[in-house]
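Chains A and B supply the protein sequences, listed in that same order. FYI, numbering that gives the first Met the number 0 numbers position 11 of the first sequence as 10, with every residue one higher than the one before it. FYI, numbering that gives the first Met the number 0 numbers position 227 of the second sequence as 226, with every residue one higher than the one before it. Even for Gly, the Cβ is constructed at its ideal location relative to N, Cα and C. Remember, it's a predicted structure, so these values are computed and weren't measured experimentally.
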Amino acid sequence: MNAQATAPLAADLTFDLADQPLRDLNAALHKAGVETNARRWHVLNPNGRHAVAVGINAPLEIEIAGHVGYYCAGMNQQARVTIQGNAGVGVAENMMGGFVHVKGDASQAAGATAHGGMLLIDGNAGARCGISMKGVDIIVKGSIGHMSAFMGQAGSLIVFGDAGDALGDSLYEAKLFVRGAVKSLGADCIEKDMRDEHKALLAEKLAAAGLAGTVDVSEFKRYGSARRLYNFHIDNVDAY
Amino acid sequence: MTAHNNVPRTLPRFSSTFDPHTLAEIRRAAATGIYDIRGGGTKRKLPHFDDLLFLGASVSRYPLEGYREKCGTDVVLGTRFAKKPIHLRTPVTIAGMSFGALSANAKEALGRGATAMGTSTTTGDGGMTPEERKSSQTLVYQYLPSRYGMNPDDLRKADAIEIVIGQGAKPGGGGMLLGQKITERVAGMRTLPAGIDQRSACRHPDWTGPDDLEIKIEELRELTDWEKPIYVKVGASRPYYDISLAVKSGADVVVLDGMQGGTAATQDVFIEHVGLPILAAIRPAVQALQDLGMHRKVQLIVSGGIRNGADVAKALALGADAVAIGTAALVALGDNDPVHEAEYEALGTTAGAYDDWHEGKDPAGITTQDPVLSARLDPVKAGRRLANYLGVLTLEAQTIARACGKSHLHNLEPEDLVALTIEAAAMAGVPLAGTEWIPGKGGTY
Ligand SMILES: Cc1cc2nc3c(=O)[nH]c(=O)nc-3n(C[C@H](O)[C@H](O)[C@H](O)COP(=O)(O)O)c2cc1C
Numbered sequence: 000m001n002a003q004a005t006a007p008l009a010a011d012l013t014f015d016l017a018d019q020p021l022r023d024l025n026a027a028l029h030k031a032g033v034e035t036n037a038r039r040w041h042v043l044n045p046n047g048r049h050a051v052a053v054g055i056n057a058p059l060e061i062e063i064a065g066h067v068g069y070y071c072a073g074m075n076q077q078a079r080v081t082i083q084g085n086a087g088v089g090v091a092e093n094m095m096g097g098f099v100h101v102k103g104d105a106s107q108a109a110g111a112t113a114h115g116g117m118l119l120i121d122g123n124a125g126a127r128c129g130i131s132m133k134g135v136d137i138i139v140k141g142s143i144g145h146m147s148a149f150m151g152q153a154g155s156l157i158v159f160g161d162a163g164d165a166l167g168d169s170l171y172e173a174k175l176f177v178r179g180a181v182k183s184l185g186a187d188c189i190e191k192d193m194r195d196e197h198k199a200l201l202a203e204k205l206a207a208a209g210l211a212g213t214v215d216v217s218e219f220k221r222y223g224s225a226r227r228l229y230n231f232h233i234d235n236v237d238a239y
Numbered sequence: 000m001t002a003h004n005n006v007p008r009t010l011p012r013f014s015s016t017f018d019p020h021t022l023a024e025i026r027r028a029a030a031t032g033i034y035d036i037r038g039g040g041t042k043r044k045l046p047h048f049d050d051l052l053f054l055g056a057s058v059s060r061y062p063l064e065g066y067r068e069k070c071g072t073d074v075v076l077g078t079r080f081a082k083k084p085i086h087l088r089t090p091v092t093i094a095g096m097s098f099g100a101l102s103a104n105a106k107e108a109l110g111r112g113a114t115a116m117g118t119s120t121t122t123g124d125g126g127m128t129p130e131e132r133k134s135s136q137t138l139v140y141q142y143l144p145s146r147y148g149m150n151p152d153d154l155r156k157a158d159a160i161e162i163v164i165g166q167g168a169k170p171g172g173g174g175m176l177l178g179q180k181i182t183e184r185v186a187g188m189r190t191l192p193a194g195i196d197q198r199s200a201c202r203h204p205d206w207t208g209p210d211d212l213e214i215k216i217e218e219l220r221e222l223t224d225w226e227k228p229i230y231v232k233v234g235a236s237r238p239y240y241d242i243s244l245a246v247k248s249g250a251d252v253v254v255l256d257g258m259q260g261g262t263a264a265t266q267d268v269f270i271e272h273v274g275l276p277i278l279a280a281i282r283p284a285v286q287a288l289q290d291l292g293m294h295r296k297v298q299l300i301v302s303g304g305i306r307n308g309a310d311v312a313k314a315l316a317l318g319a320d321a322v323a324i325g326t327a328a329l330v331a332l333g334d335n336d337p338v339h340e341a342e343y344e345a346l347g348t349t350a351g352a353y354d355d356w357h358e359g360k361d362p363a364g365i366t367t368q369d370p371v372l373s374a375r376l377d378p379v380k381a382g383r384r385l386a387n388y389l390g391v392l393t394l395e396a397q398t399i400a401r402a403c404g405k406s407h408l409h410n411l412e413p414e415d416l417v418a419l420t421i422e423a424a425a426m427a428g429v430p431l432a433g434t435e436w437i438p439g440k441g442g443t444y
């Protein structure tokens, strides 16, 4: 670890991946709170590196100045991570809590299997956004690719733009809200009534992301599981 | 055919093709419209370790004294990259079996038995329970496509991480846990509604192919500060290539599971018709490791139908570093025990053949979530039986190794073996007994 990282009581800390190894960054982040009280971390020159800022279990604010590769902020538990660029596959995968904000676009499997926290993507997200999601809230201001929320178990996926093919295929209990067009719905995913309670839920999630009032919640449609595949039935065999 | 006095009659004759089991299956399928789901591994006869024999020492080789000369059994797993490799006293580990498929008491018993013998146990599809973490000194945490219950706290608590790509019973298939076993606790751990039929994904959600796997492994290492050994588990299908790719992706340990390997619940047609018997898979896997200069550097754990110390010794002689057991461990705990015969009969089966593990009605309290049935399994006593059994496997393997003149189980080698059948000789790459003939030698994978 560099001298800066060990300096006690530093309020701000800068880590330049152009000349400091990724291993040192992640190790320092894992020790945050023990070896440093720095709460605001600036990561420079990520240059598409994979596994940047993964496994953080402290209430840090991390600002990444550029594009990241796969699995940025993977398994995040408490941190607020802002990516000033695009994110590769599996951003915030398996996140447990905290807030991850992608200022650009996100690749495939954004927020995959995440259990909690919030993932906000200002641009578009690729295929399989929210795949196997388990409680996370994902907000995509742009559009999402095909097979999004595949086997989504819990949490909400909120999309300001359009959704690609097979949205919510084999969906469990995740709640999907899409403002634009849905190219097609996957097996067992249906459009459901958007009642007041759902509008309230949507408004609450948007407020939590600091987006209150930016869109009209009544413009969204709600999609969820028809729950027809929950127990195997021979008459549904075509859907399996 | 009419009976005439004194004319010999043709005895009723069953077809080998349409045998009684096959006929019953056709009738069952016609009546229900759904495939048969069951637990366990393949039931058909396959080329297996029984088709191999050890030669033992004689004039040209020198044996070791049975009880006095040391024959080491320890193994270190994860020496390639992990800062904290795993040290085991015996090379027989307990394979991953999920809480959900198994009762909490069964998981605890596995932990107790393994710990008493200085070996590891493994979580499964469904996450880590506090009971099994507490009872297991060395616990391998599975990272499966479903990612049920996957979380970084448990990842940090684990002693190793096993990325599951496939299982021998169903290479290419996902998990299955039917509604009867999805109790509140199991459902909660998996973030699913209680009582539904749970079919877990067969592909990982956030990576595809070996190039991505390499990045995934890097992420898991970064997450856990490069401390923990990372295993990659595959079902035996194309072992030479799968093991090569797992090694190239950065695995510390590769786990290879043959088609005899048990499962909690899978379609019978899948169990019986997909994958390779473990006998056919070990040599290609070892060849892959050797071709990459990684044999003994990336450790190989094999499983699928390991029952006794001879099987352990044969697997090691073919080049494995350790083995894993699932079914045999459950039997040691009390699965399929004839003491429950009356109850097995009430379930339409008999002790030794009971395989409806997915129904959750196991009289032995092992493959169930029913609190009354689970309470029948005393984790302390069952753990002791498992420890005894693991001890016997180790002693038996040592007995054979000493007879072959080896001061460590890992010194066993293919040259100690011959095969009883041409098939086994070809698959295991050892000579047919009494000959120098290794069918297929010189071929490529
Ligand atoms: C009841 C049961 C549950 C299993 N659950 C899992 C699992 O969750 N994950 C996994 O990788 N393998 C699972 N397996 C497969 C075992 O890990 C192992 O590969 C197999 O049992 C080895 O073969 P054997 O049973 O012949 O010893 C399970 C096996 C059984 C019998």
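7 Å Cβ cut-off: residues of chain A touching residue i
i	result
G178 of chain B	N230
L191 of chain B	Q152, Y171
R146 of chain B	N93, T112, S131
Within-8 Å CB hit, residue i to chain A
i	result
M149 of chain B	yes
L411 of chain B	no
D196 of chain B	yes
A386 of chain B	no
A263 of chain B	no
M0 of chain B	Because M0 of chain B sits at a pLDDT of 49, beneath the cut-off of 50, its placement in the model cannot be relied upon, and the following sentence gives the value as read from the coordinates. Answer no: the Cβ-Cβ gap between M0 of chain B and chain A never drops below 8 Å.
A200 of chain B	yes
Proximity test, Cβ basis, 8 Å: residue i and chain B
i	result
Q19 of chain A	no
Q76 of chain A	yes
T35 of chain A	no
A4 of chain A	Low per-residue confidence applies at A4 of chain A: pLDDT is 44, beneath 50, and the placement is therefore not dependable enough to give any value.
V80 of chain A	no
V88 of chain A	yes
N85 of chain A	no
N44 of chain A	no
H66 of chain A	no
H29 of chain A	yes
Alpha-carbon to alpha-carbon, residue j and residue i
i	j	result
K140 of chain A	K227 of chain B	38 Å
A81 of chain B	W225 of chain B	6 Å
T16 of chain B	Q266 of chain B	21 Å
A314 of chain B	L416 of chain B	11 Å
A245 of chain B	P238 of chain B	10 Å
K198 of chain A	V181 of chain A	19 Å
P129 of chain B	G163 of chain A	41 Å
Q368 of chain B	M116 of chain B	27 Å
I277 of chain B	D256 of chain B	7 Å
L332 of chain B	I229 of chain B	28 Å
T5 of chain A	N25 of chain A	Residue placement at T5 of chain A is poorly supported in this model, since its pLDDT is 45, which falls under 50; the coordinates still yield a value, given next. When rounded, the distance between both Cα atoms is 14 Å.
G81 of chain A	V139 of chain B	Looking at the sequence itself, residue 81 of chain A is Thr, so the reference to Gly does not match. For T81 of chain A and V139 of chain B, the distance between alpha carbons rounds to 33 Å.
S134 of chain B	A173 of chain A	35 Å
N1 of chain A	N75 of chain A	Only weak support is given to the placement of N1 of chain A: the predicted model assigns it a pLDDT of 43, under 50, and the question is left unresolved by the model.
I365 of chain B	S102 of chain B	6 Å
I143 of chain A	G160 of chain A	8 Å
G172 of chain B	L346 of chain B	28 Å
L63 of chain B	P362 of chain B	45 Å
Residue-chain proximity (residue i, chain D), Cβ-Cβ < 8 Å
i	result
E24 of chain B	The question asks about chain D, but that chain is absent: this structure's protein chains are A and B.
Listed by chain order, chain B residues near residue i by CB distance under 8 Å
i	result
Y70 of chain A	D205, I214, K215, E218
V53 of chain A	E218, E221, L222
Where residue i meets chain A, residues with beta-carbon distance less than 9 Å
i	result
L244 of chain B	Within chain A, no residue comes near L244 of chain B; the closest Cβ sits about 18 Å away, beyond 9 Å.
Proximal chain B residues relative to residue i, where beta-carbon distance stays under 7 Å
i	result
N25 of chain A	E221
A50 of chain A	E217, E218, E221
G73 of chain A	E218, L222
Chain-ordered chain B contacts of residue i [CB-CB under 9 Å]
i	result
G144 of chain A	In chain order: nothing, as chain B lies at least about 14 Å away.
A108 of chain A	P204, D205, W206
(request) Scan the segment 125-166 of chain A and note each continuous beta strand (DSSP E) run of 3 residues or more that stays entirely inside, going in chain order. (result) Runs found: 133-139, 153-158.
(message) Can you pull out the residues from the segment 121-137 of chain A whose beta carbon lies closer than 8 Å to at least one beta carbon of chain B?
(response) Closer than 8 Å at the C-beta level to chain B, one finds these residues of the segment 121-137 of chain A: R127, I130, S131, K133, G134.
(message) Could you tell me which whole beta strand (DSSP E) segments of length 3 or greater appear in the segment 78-105 of chain B?
(response) Correct list: 85-87, 91-93.
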